[in-house]
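A short write-up of the structure that comes next.
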C-alpha cells in the first residue's frame with residue numbers, strides 16, 4: 541500500500557512541478573515583455589528629447605544671427621508687414637489698379653427662360669423626339685470657327701503696368717523698412 545501511495549504522490553509531485561515550471565516561464569516572459577515596453581518608452585523619450593534639442597539649437601542659431609538677418613532685410617530684401625494702404629476694398633478697386641489696360645469686358649451672359657403652363661407641365665412634346673429631315677435643312681456641311689488673337693501691345697502694356705505695380709510696392713516696402721529701422725535706433 542505504501543508503494544501505491546508513493547506512486548500517486550509521485551504523479552501529483554510531477555504535475556505540481558510541471559505546473560510551477562510553466563507558471564515560472566509565463567512570469568519570466570511577462571516580466572521580459574514589461575521590460576521591453578519600458579525600454580521602448582525610454583527610447584521614445586530619448587527621440588523626443590533629441591528633437592527638442594535640435595529645435596532649440598535651430599532657434600538659438602537663428603536668434604544669434606538676427607543682426608545678420610536684419611542687415612539682409614534692410615539692404616536687400618526690404619521686407620515689412622503689409623500696411624493698411626496695401627489692401628484693396630473689393631473687386632472694383634482691384635480692377636481699377638489695372639486702369640484702361642484691361643481688355644474690353646465680355647457681354648453679359650443671357651439665359652433662356654420660358655413660362656411653363658401648369659396644365660402642360662408634365663406633357664411630352666412629340667416634335668422633340670422626331671428625327672430631323674436631313675434634306676430639308678439648310679445647314680452647311682462645313683462650318684468654320686474663328687478666334688481673334690489679342691493685340692500684343694495691349695498684353696505687353698498690361699504686363700508692364702503690373703510690373704510697375706510690383707516695383708512701386710517694393711519701393712514702398714523699402715521706404716517703410718527704412719523708416720522703421722530709423723525709429724528703432
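Residue numbers (the working numbering): 541 to 725.
Glycine included, every Cβ here is placed at the ideal spot set by N, Cα and C.
Exercise for review: Please report how far the alpha carbon of residue 555 lies from the alpha carbon of residue 585, in whole angstroms.
Suggested key: Residue numbering aside, residue 555 sits at position 15 when the chain shown is read from its first letter. Residue numbering aside, residue 585 sits at position 45 when the chain shown is read from its first letter. One Cα belongs to residue 555, the other to residue 585, and the distance between them is close to 45 Å.
Check your understanding: Is residue 691 helix, strand or coil when you go by DSSP?
Key -> Within the chain shown, the letter at position 151 stands for residue 691. Judged by DSSP in its simplified three-state form, residue 691 adopts coil rather than helix or strand.
**Study point:** Closest by C-alpha distance to residue 721, when choosing among 620, 582, 551
**Key:** Sequence index remark: in the chain shown, residue 721 carries index 181 (1-based). Of the listed residues, the one whose Cα sits closest to residue 721 is 620.
Review point. How big is the Cα-Cα spacing for residue 614 and residue 604?
Key: Working through the chain shown from its first residue, we reach residue 614 at position 74. Working through the chain shown from its first residue, we reach residue 604 at position 64. For residue 614 and residue 604, the distance between alpha carbons rounds to 17 Å.
Check your understanding: Taking 8 Å as the CB-CB cut-off, is residue 593 touching chain D?
Key -> Absent from the structure is chain D; it holds one protein chain and no more.
Practice item. Look at the alpha carbon of residue 548 and the alpha carbon of residue 581, and state the distance between them as a whole number of angstroms. Key: Along the chain shown, one-based indexing puts residue 548 at 8. Along the chain shown, one-based indexing puts residue 581 at 41. Their backbone Cα atoms lie some 50 Å apart in a straight line.
Practice item. May I ask you to report which of helix, strand or coil DSSP gives residue 605? Key: Taking the first residue of the chain shown as 1, we reach residue 605 at position 65. Three-state DSSP puts residue 605 in coil, outside helix and strand.
**Study point:** Closest Cα partner of residue 715 within the set 617, 633, 691
**Key:** Taking the chain shown and counting its residues from 1, the one referred to as residue 715 is at position 175. Ranking the options by Cα distance to residue 715, first place goes to 617.
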